[in-house]
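A short worksheet on the structure shown next.
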Amino acid sequence: MGEWSSYRLDDFLMYSPRVWYRMLELHHRAWWPVQAVAAMLGASLLWAIHRRHAAALRLALVLVGAGLLFVAWAFHGGPHASINLAAPYYAFAFGVEGLLLLGLALLRRDLVLVRSDGPTGLAVAMLALALLLYPVLALPWARPLAQAEWFALAPDPTMLAALAVLALVVYGGHGLRHPRRTGVLLSILPLSWCLVTGATSWVLGAPDWWLMPSAALLVCGVAGWRLVRPPPPAPGTAVDR
103 MGEWSSYRLD
113 DFLMYSPRVW
123 YRMLELHHRA
133 WWPVQAVAAM
143 LGASLLWAIH
153 RRHAAALRLA
163 LVLVGAGLLF
173 VAWAFHGGPH
183 ASINLAAPYY
193 AFAFGVEGLL
203 LLGLALLRRD
213 LVLVRSDGPT
223 GLAVAMLALA
233 LLLYPVLALP
243 WARPLAQAEW
253 FALAPDPTML
263 AALAVLALVV
273 YGGHGLRHPR
283 RTGVLLSILP
293 LSWCLVTGAT
303 SWVLGAPDWW
313 LMPSAALLVC
323 GVAGWRLVRP
333 PPPAPGTAVD
343 R
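Given below as structure tokens:
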């Protein structure tokens with residue numbers, strides 16, 4: 103036990119910040135123009151949510167689920183695996199979460215957006231950050247856009263999008279028999295990733311290490327507030343239990 107207590111968290115990290123950001127840059131360069139396509143699809147999805155399109159929530163689940171699967175294969179199963187022994191396990195987690203979101207979209211064809219209250223607006227804002235604005239966060243930290251993180255290519259914005267979509271389904275959606283239970287179960291992997299990536303970024307000395315853990319705390323805080331003060335039923339819908 104004395105030997106283990108002498109180790110620090112950074113002793114288990116197998117790469118430097120320079121290697122990590124260079125890997126991101128090469129990965130994004132190799133897959134261009136996937137970034138542009140993902141951004142256009144994300145903008146279209148946000149417009150559909152704004153217009154309350156009947157299929158908006160299911161489209162969100164499909165888009166984010168597909169993004170998770172792509173990150174699992176192209177990133178965790180690709181360049182990340184060459185510098186991190188844990189990458190295959192991350193690939194498995196992202197793949198499972200992606201399949202769960204796709205399965206929910208396919209099985210719940212009556213899933214629709216019916217609310218536009220504060221928690222729903224917060225979920226939409228978080229989704230917009232993940233789909234479109236996340237790459238811009240590199241600029242305040244003096245990182246070039248070539249090393250920015252993009253939805254469907256980098257893990258953090260993609261898993262943040264998953265957390266936002268699940269929050270949107272639970273807070274603003276109708277059509278699930280047990281929305282709270284479904285939301286909790288499907289949020290386990292995204293919330294866990296927020297903690298893992300926050301710890302890794304902190305060890306790397308990244309100034310934005312707090313972002314993903316803060317998103318997890320925010321979602322959990324809103325969920326707790328909703329338990330204490332449940333909203334009234336939306337017009338024309340039954341109460342979800």
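Those letters in the sequence shown? Residues 103 to 343, per the working numbering, in order. For every residue, glycine included, the Cβ atom is placed at its ideal position computed from N, Cα and C. Note that the coordinates shown come from a computational prediction; the quantities given were computed from them, not determined experimentally.
- Unbroken beta strand (DSSP E) runs of no fewer than 3 residues, entirely contained in the segment 158-210, are not found.
- Taking each of A232, A157 and R282 in turn and checking the Cα distance to P259, the smallest one comes out for A232.
- Under DSSP, V214 shares a beta bridge with H276.
- In the structure shown, P309 adopts coil according to DSSP, grouped into three states.
- Between H178 and A168, the CB-CB gap reaches or exceeds 9 angstroms.
- Here the alpha carbons of S146 and L239 stand approximately 21 angstroms from one another.
- In the three-state reduction of the DSSP assignment, W327 falls in the helix class, which pools H, G and I.
- In this structure, the alpha-carbon of T299 lies about 24 angstroms from that of P221.
- Between G285 and V216 a beta carbon distance of about 15 angstroms is seen, past the 8 angstroms cut, so the two are scored as non-contacting.
- Looking from the CA of A176, the closest CA among Y192, L208 and A325 belongs to Y192.
- Contact between P292 and E199 holds: their C-beta atoms lie close to 7 angstroms from each other, under 8 angstroms.
- Here the segment 113-133 does not lie against the segment 196-210, with fewer than 3 beta-carbon pairs under 8 angstroms apart.
- Counting the other CB atoms within 10 Å of its CB gives R160 a total of 16 or more, which places it among the buried residues.
- If the five residues before and after L126 are omitted, its C-beta is found closer than 6 angstroms to the C-beta atoms of Q249, all from its own chain and listed in chain order.
- The DSSP-derived three-state label of S316 is helix.
- Annotation: the segment 129-162 contains the following complete segments of the alpha helix (DSSP H) (minimum length 4 residues), in chain order: 136-152.
- In the structure shown, the three-state DSSP call for A230 is helix.
- Pairing M261 with L170, the inter-Cα distance amounts to about 7 angstroms.
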